[in-house]
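Working notes for the structure below.
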Amino acid sequence: MIAFDLFCGNGHKFECWFKDNASFEEQKEAGILTCPICDDHHIEKAFSPFGIKRRGEKAKEGMDPYQALQLIHDYLDKHFEDVGADFYKEAIKIHYGEAEKKNIKGTATTEEEIILKEEGVQFFKIPIIKRQLN
Ligand SMILES: [Zn+2]
-15 MIAFDLFCGN GHKFECWFKD NASFEEQKEA GILTCPICDD HHIEKAFSPF GIKRRGEKAK
45 EGMDPYQALQ LIHDYLDKHF EDVGADFYKE AIKIHYGEAE KKNIKGTATT EEEIILKEEG
105 VQFFKIPIIK RQLN
């Protein structure tokens, strides 16, 4: 048996068991596959590194929160300029068009956060994690 992660045309994700890959294709061609949430017939297979599971093996439930956070930090490192403690100053400057629009990351005090919120500056907070040393 093979478990496939499937997506419907409306983006619902669900899991289905099939005898083999051919039997999935067969059922898909025949249009018998439907989304359990919205009955959509446009079912696509999602790429899953855990696609093939042995009987009795527990399905992997997503990723742990720490790992997810690590990914966010990696993304921020690549796409955001680190302004450190100047976050507040820089965010205000960008907000009022005094500085070029860019993605910044840094730290802010609670007082600074309150002012940023009052000014309508959009920002989001993420917990700082200890970086894994590779
Ligand atoms: Zn659906």
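Quick note, the sequence shown lines up with residues -15 to 118 if you use our numbering. Built from N, CA and C at the ideal position, the CB exists for glycine as well.
Range covered by the alpha helix (DSSP H) that runs through F71: For this step, residue 71 is matched to residue 87 along the sequence shown. Going by DSSP, F71 is part of the alpha helix (DSSP H) stretching over F71 to H79.
Cβ-heavy atom distance, G(-7) to ligand 1, below 8 Å: By 1-based counting over the sequence shown, the position of residue -7 is 9. The nearest non-hydrogen atom of ligand 1 is less than 8 Å from the C-beta of G(-7).
Cα-Cα separation, A83 to F64: For the purposes of this step, residue 83 is identified with residue 99 of the sequence shown, where counting begins at 1. For the purposes of this step, residue 64 is identified with residue 80 of the sequence shown, where counting begins at 1. Distance between the alpha carbons of A83 and F64: 15 Å.
K89 and V67 closer than 9 Å at C-beta: The residue labelled residue 89 in the question sits at position 105 within the sequence shown. The residue labelled residue 67 in the question sits at position 83 within the sequence shown. Against a cut-off of 9 Å, the Cβ pair of V67 and K89 comes out as a contact.
Own chain partners of H(-4) with C-beta closer than 7 Å, once the 5 adjacent residues on each side are dropped: For this step, residue -4 is matched to residue 12 along the sequence shown. The answer, listed in chain order, is C19, I21 and C22.
Supposed contact pair A14 and W1 - C-beta distance, whole angstroms, cut 8 Å: As a working note, residue 1 is residue 17 in the sequence shown. As a working note, residue 14 is residue 30 in the sequence shown. Incorrect: roughly 17 Å between the Cβ atoms, too far for contact.
Buried or exposed by the 16-neighbour rule on C-beta atoms within 10 Å, applied to F71: By one-based count along the sequence shown, residue 71 stands at place 87. Per the 10 Å Cβ criterion, buried.
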